[in-house]
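*Asks:* Chains as they are written, first to last, in our numbering: chain A, 50 to 295; chain B, 50 to 295.
Sharing a structure below in structure tokens format, with a few things to ask.
Number of protein chains: 2
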Amino acid sequence: MTAAPPPVIILVQPQLGQNIGKAARAMLNFGLTEMRLVAPRDGWPNPDSGPAASGADIVLERAQVFSSVAEAIADCSQVFASTVRKRDVMTPVVGPVEMASAIHASPARSAILFGPERSGLATEDVVQASHIVTVPINPVFGSLNLAQAVILLAYEWSRSASLVQPTAFELEPRAPQAELDGLIGQLEGHLDAVGYFHPPERTQATRNTIRTILTKPGWSSRELKAMRGMLRAIAQPRVRSNTSNS
Amino acid sequence: MTAAPPPVIILVQPQLGQNIGKAARAMLNFGLTEMRLVAPRDGWPNPDSGPAASGADIVLERAQVFSSVAEAIADCSQVFASTVRKRDVMTPVVGPVEMASAIHASPARSAILFGPERSGLATEDVVQASHIVTVPINPVFGSLNLAQAVILLAYEWSRSASLVQPTAFELEPRAPQAELDGLIGQLEGHLDAVGYFHPPERTQATRNTIRTILTKPGWSSRELKAMRGMLRAIAQPRVRSNTSNS
Numbered sequence: 050m051t052a053a054p055p056p057v058i059i060l061v062q063p064q065l066g067q068n069i070g071k072a073a074r075a076m077l078n079f080g081l082t083e084m085r086l087v088a089p090r091d092g093w094p095n096p097d098s099g100p101a102a103s104g105a106d107i108v109l110e111r112a113q114v115f116s117s118v119a120e121a122i123a124d125c126s127q128v129f130a131s132t133v134r135k136r137d138v139m140t141p142v143v144g145p146v147e148m149a150s151a152i153h154a155s156p157a158r159s160a161i162l163f164g165p166e167r168s169g170l171a172t173e174d175v176v177q178a179s180h181i182v183t184v185p186i187n188p189v190f191g192s193l194n195l196a197q198a199v200i201l202l203a204y205e206w207s208r209s210a211s212l213v214q215p216t217a218f219e220l221e222p223r224a225p226q227a228e229l230d231g232l233i234g235q236l237e238g239h240l241d242a243v244g245y246f247h248p249p250e251r252t253q254a255t256r257n258t259i260r261t262i263l264t265k266p267g268w269s270s271r272e273l274k275a276m277r278g279m280l281r282a283i284a285q286p287r288v289r290s291n292t293s294n295s
Numbered sequence: 050m051t052a053a054p055p056p057v058i059i060l061v062q063p064q065l066g067q068n069i070g071k072a073a074r075a076m077l078n079f080g081l082t083e084m085r086l087v088a089p090r091d092g093w094p095n096p097d098s099g100p101a102a103s104g105a106d107i108v109l110e111r112a113q114v115f116s117s118v119a120e121a122i123a124d125c126s127q128v129f130a131s132t133v134r135k136r137d138v139m140t141p142v143v144g145p146v147e148m149a150s151a152i153h154a155s156p157a158r159s160a161i162l163f164g165p166e167r168s169g170l171a172t173e174d175v176v177q178a179s180h181i182v183t184v185p186i187n188p189v190f191g192s193l194n195l196a197q198a199v200i201l202l203a204y205e206w207s208r209s210a211s212l213v214q215p216t217a218f219e220l221e222p223r224a225p226q227a228e229l230d231g232l233i234g235q236l237e238g239h240l241d242a243v244g245y246f247h248p249p250e251r252t253q254a255t256r257n258t259i260r261t262i263l264t265k266p267g268w269s270s271r272e273l274k275a276m277r278g279m280l281r282a283i284a285q286p287r288v289r290s291n292t293s294n295s
């Protein structure tokens, strides 16, 4: 058996305190206790949350607030973005069962991201995730609310908890998100230096592509370090040569 | 696959119209359309149901009303009583997965019974069922509401129904090996040009590391092309600057 930690549930810009409470209740039903809130619309704490939590107060009391998705997932090695809509990004899409298996197989911390009630996750949040997780719902009637999405994924995690097999391959664990961000930041810096990001209106799309491509591998800390070393080696001589020219 | 009919969802003495609407919404998310109501407290139809159904009106419009559980299940061959409490009855207890398998395995009609919001199913209703179905929840915090119990069992039924569907991974296919070799060759070329491969006795180990790191992602043709473009952008200005120096 693995000692995989339970996933962190991250609500991105939740609108109603009531829904935060319902999500907490849904979590605790299946043994999840760690909630993070990114920029909750009405601030935090929210007096509407408690009654809706129906006794899951401990989840609300321990909830941590962050101002950005990047900060909220910085210590997480695998991040699943819960969406129902098709997204025009290259992030791999998995179902709840595959998500649960991946969480149970990872000794590092995982997170599941949920977007605001009305709009769902923004693309710039989705591309920070290692995977998209989509509950396969009725194609002609997909209408899951926030707490329902949370409970279904929490249920699936809990259900799979007893089915976990030790993994055959001893993979190095995925590095924390902050280290991946280091690689992405470095690469973007190199690219920026050579004028890669033009025209400006395409810059964000290009950055999204870079992020999904580099998130997909699930590189370990050691692998990230090697990639950064190679990029530095390729990029630096140019800098030196420019310097000597000046 | 079997031609097993989807299960009928039977709400026994539901109290709030709102909860009937939410149950209808939960059902339709996973393709269940047949709802039966046994002696709804506030009569039927109930004006509070429609708004809570969020568009699942067809389920409400077709709902049939019965005055007793016995009448509501008369045409059903397998009946699952959803309860969370331990019951002092000899009815066999199954989990959601076993329930779903049994429903899919039966060519005859199945039903799932849910009790009133506050009290749950009465013992005299439970004993009419062929099985008790219990969602395994947190032993120290079991707090599923009606719609949540419905959605979890509907999800489990739907999940088992779709196990023959195409894979949950909607990844772009891995590029052919030759394309990956193209990226690796290009990167090694850039690195060689800046004297990265020294000392010579470490070269092979370094090349092996590069190959394992770049093989791991399983990048598609499109992703490989993007990576090659970025590496070229970073490496070329140096080449140009060298050329202009020579």
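Even glycine gets a Cβ: it sits at the ideal position worked out from N, Cα and C.
If the cut is a Cβ gap below 8 Å, which residues of chain A does LYS296/B touch?
*Replies:* Examination of residue 296/B is not possible in this model, given that chain B is present from 50 through 295 alone.
*Asks:* What number of angstroms, rounded off, separates the C-alpha of ALA102/B from the C-alpha of ASN257/A?
*Replies:* For this step, residue 102/B is matched to residue 53 along the second sequence. For this step, residue 257/A is matched to residue 208 along the first sequence. Distance between the alpha carbons of ALA102/B and ASN257/A: 36 Å.
*Asks:* On the three-state DSSP scale, how would you describe VAL146/B?
*Replies:* Within the second sequence, residue 146/B is the residue found at index 97, counting from 1. The answer is helix: DSSP assigns VAL146/B an H, G or I state.
*Asks:* Of the choices ALA75/B, PRO222/B and ILE283/B, whose alpha-carbon is the least far from that of GLU272/B?
*Replies:* Within the second sequence, numbered from 1, the residue matching residue 272/B stands at position 223. Looking at the Cα atoms, PRO222/B is the closest of the given residues.
*Asks:* Return the first residue and the last residue of the beta strand (DSSP E) that SER192/B is part of.
*Replies:* For this step, residue 192/B is matched to residue 143 along the second sequence. Counting along the chain, SER192/B falls outside any beta strand (DSSP E), and DSSP gives it neither H nor E.
*Asks:* Examine chain B for any beta-carbon lying closer than 8 Å to the beta-carbon of ALA284/A, and answer yes or no.
*Replies:* Position 235 of the first sequence, counted from the first residue, corresponds to residue 284/A. Chain B, which has a Cβ nearer than 8 Å to the Cβ of ALA284/A, makes this yes.
*Asks:* Of all the options LEU202/B, PRO249/B, GLU147/B and GLU83/B, which has the alpha carbon lying nearest to the alpha carbon of GLN113/B?
*Replies:* Locating residue 113/B in the second sequence gives position 64, counting from the first residue. Among LEU202/B, PRO249/B, GLU147/B and GLU83/B, the Cα nearest to that of GLN113/B belongs to GLU83/B.
*Asks:* Is it buried or exposed, ARG208/A, if we count other Cβ atoms within 10 angstroms and call 16 or more buried?
*Replies:* For this step, residue 208/A is matched to residue 159 along the first sequence. Classification for ARG208/A: buried.
*Asks:* If you measure from the beta carbon of TRP93/B to each beta carbon in chain A, is any gap under 8 Å?
*Replies:* If you number the second sequence from 1, residue 93/B lands on position 44. Chain A, which has no Cβ nearer than 8 Å to the Cβ of TRP93/B, makes this no.
*Asks:* In chain order, what residues of the same chain have a beta carbon less than 8 Å from the beta carbon of GLU166/A, not counting five sequence neighbours either side?
*Replies:* Numbered from 1 along the first sequence, position 117 holds the residue referred to as residue 166/A. Excluding positions up to five away in sequence, the list reads PRO63, GLN64, LEU65, ASN68, ASN194 and LEU195.
*Asks:* For a contact meaning CB atoms closer than 7 Å, what does ALA275/A contact in chain B?
*Replies:* Working through the first sequence from its first residue, we reach residue 275/A at position 226. Here the neighbours are THR258 and ILE262.
*Asks:* What residues in its chain sit with their C-beta under 7 Å from that of SER117/B, if we drop five residues either side in the sequence?
*Replies:* Translated into positions along the second sequence, residue 117/B becomes position 68. VAL87, listed in sequence order.
*Asks:* So, with DSSP's three-state summary, where would you put VAL138/A?
*Replies:* In the first sequence, the residue the question calls residue 138/A occupies position 89. In this structure, VAL138/A counts as coil in the three-state DSSP scheme.
*Asks:* Any beta carbon of chain B sitting closer than 8 Å to that of GLU272/A?
*Replies:* The residue given as residue 272/A occupies position 223 in the first sequence. Yes, because at least one Cβ of chain B sits closer than 8 Å to the Cβ of GLU272/A.
*Asks:* May I have the straight-line CA-CA distance separating PRO249/A from GLY234/B, to the nearest angstrom?
*Replies:* Here residue 249/A refers to the residue found at position 200 when the first sequence is read from its first residue. Here residue 234/B refers to the residue found at position 185 when the second sequence is read from its first residue. Approximately 31 Å between the Cα atoms of the pair.
*Asks:* PHE163/B to ALA151/A, Cα distance in whole Å?
*Replies:* Taking the first residue of the second sequence as position 1, residue 163/B is located at position 114. Taking the first residue of the first sequence as position 1, residue 151/A is located at position 102. If you take the alpha carbons of PHE163/B and ALA151/A, they lie about 33 Å apart.
*Asks:* Nearest chain B C-beta to ILE161/A closer than 8 Å, yes or no?
*Replies:* Mapped onto the first sequence, residue 161/A falls at position 112. No - not a single Cβ of chain B is within 8 Å of the one on ILE161/A.
*Asks:* At a CB-CB cut-off below 7 Å, which residues of chain A make contact with PRO266/B?
*Replies:* As a position in the second sequence, residue 266/B is number 217, starting the count at 1. Neighbours of PRO266/B on chain A, chain order: LYS265 and PRO266.
*Asks:* Could you give the distance in angstroms between the alpha-carbon of THR252/B and the alpha-carbon of ALA160/A?
*Replies:* Numbered from 1 along the second sequence, position 203 holds the residue referred to as residue 252/B. Numbered from 1 along the first sequence, position 111 holds the residue referred to as residue 160/A. Looking at the two C-alpha atoms, the distance is approximately 38 Å.
*Asks:* Since ALA149/B contacts GLU110/B with CB under 8 Å, what's their CB separation in whole angstroms?
*Replies:* Taking the second sequence and counting its residues from 1, one reaches residue 149/B at position 100. Taking the second sequence and counting its residues from 1, one reaches residue 110/B at position 61. That belief does not hold up - the Cβ atoms of ALA149/B and GLU110/B are roughly 27 Å apart, past 8 Å.
*Asks:* Can we say the region 172-182 of chain A touches the region 169-179 of chain B, given the rule of at least three CB pairs closer than 8 Å?
*Replies:* Short answer: they don't touch.
*Asks:* Are the CB atoms of ALA105/B and ALA73/B nearer to each other than 8 Å?
*Replies:* In the second sequence, counting from the first residue as 1, residue 105/B sits at position 56. In the second sequence, counting from the first residue as 1, residue 73/B sits at position 24. In contact: ALA105/B and ALA73/B (Cβ atoms closer than 8 Å).
*Asks:* Reducing DSSP to helix, strand and coil, say where LEU236/B ends up.
*Replies:* As a working mapping, residue 236/B is identified with position 187 in the second sequence. Looking at LEU236/B - three-state DSSP - the assignment turns out to be helix.
*Asks:* Please state whether the Cβ-Cβ distance between MET76/B and VAL128/B is less than 8 Å.
*Replies:* Position 27 of the second sequence, counted from the first residue, corresponds to residue 76/B. Position 79 of the second sequence, counted from the first residue, corresponds to residue 128/B. No.
*Asks:* For HIS247/B, name the three-state secondary structure that DSSP assigns.
*Replies:* Counting from 1 along the second sequence, the entry for residue 247/B is found at position 198. The answer is coil: DSSP assigns HIS247/B none of H, G, I, E or B.
*Asks:* By the three-class DSSP mapping on this structure, what secondary structure does ARG85/B have?
*Replies:* As a first step, residue 85/B is located in the second sequence; it is residue number 36 there, counting from the start. It is a strand residue.
*Asks:* From the beta carbon of LEU229/A, is the nearest beta carbon of chain B less than 8 Å away?
*Replies:* In the first sequence, the residue the question calls residue 229/A occupies position 180. Not one chain B Cβ lies under 8 Å of LEU229/A.
*Asks:* Would you mind sorting GLU219/B into buried or exposed? The rule is 16 or more other CB atoms within 10 Å of its CB.
*Replies:* The residue you call residue 219/B lines up with position 170 of the second sequence. Low confidence applies here, because GLU219/B scores a pLDDT of 43, under 50, leaving its location unreliable; read the following figure in that light. Per the 10 Å Cβ criterion, exposed.
*Asks:* GLU219/A by DSSP, collapsed to three states: which one?
*Replies:* Sequence index remark: in the first sequence, residue 219/A carries index 170 (1-based). Confidence is the limiting factor: at GLU219/A the pLDDT is only 42, short of 50, which leaves the residue's position unreliable, though a coordinate-based value still follows. DSSP places GLU219/A in coil when its eight states are reduced to three.
*Asks:* Closest to VAL61/B by CA distance: which of ARG85/B, SER98/B, ASN78/B and ALA227/B is it?
*Replies:* The residue given as residue 61/B occupies position 12 in the second sequence. Taking only the C-alpha atoms, the option nearest VAL61/B is ARG85/B.
*Asks:* In terms of residues, what are the limits of the alpha helix (DSSP H) holding LEU170/B?
*Replies:* Taking the first residue of the second sequence as position 1, residue 170/B is located at position 121. Element bounds for LEU170/B: n/a, residue is neither H nor E.
*Asks:* Spatial neighbours of VAL133/B within its chain, please: CB distance less than 6 Å, with the 5 preceding and 5 following residues excluded, ordered by chain position.
*Replies:* As a first step, residue 133/B must be located in the second sequence, where it is residue number 84. Excluding sequence neighbours, VAL133/B sits near GLY191.
*Asks:* First and last residue of the alpha helix (DSSP H) that includes ALA160/A?
*Replies:* Within the first sequence, the letter at position 111 stands for residue 160/A. Per DSSP, ALA160/A belongs to no alpha helix (DSSP H); it is in the beta strand (DSSP E), 159-163.
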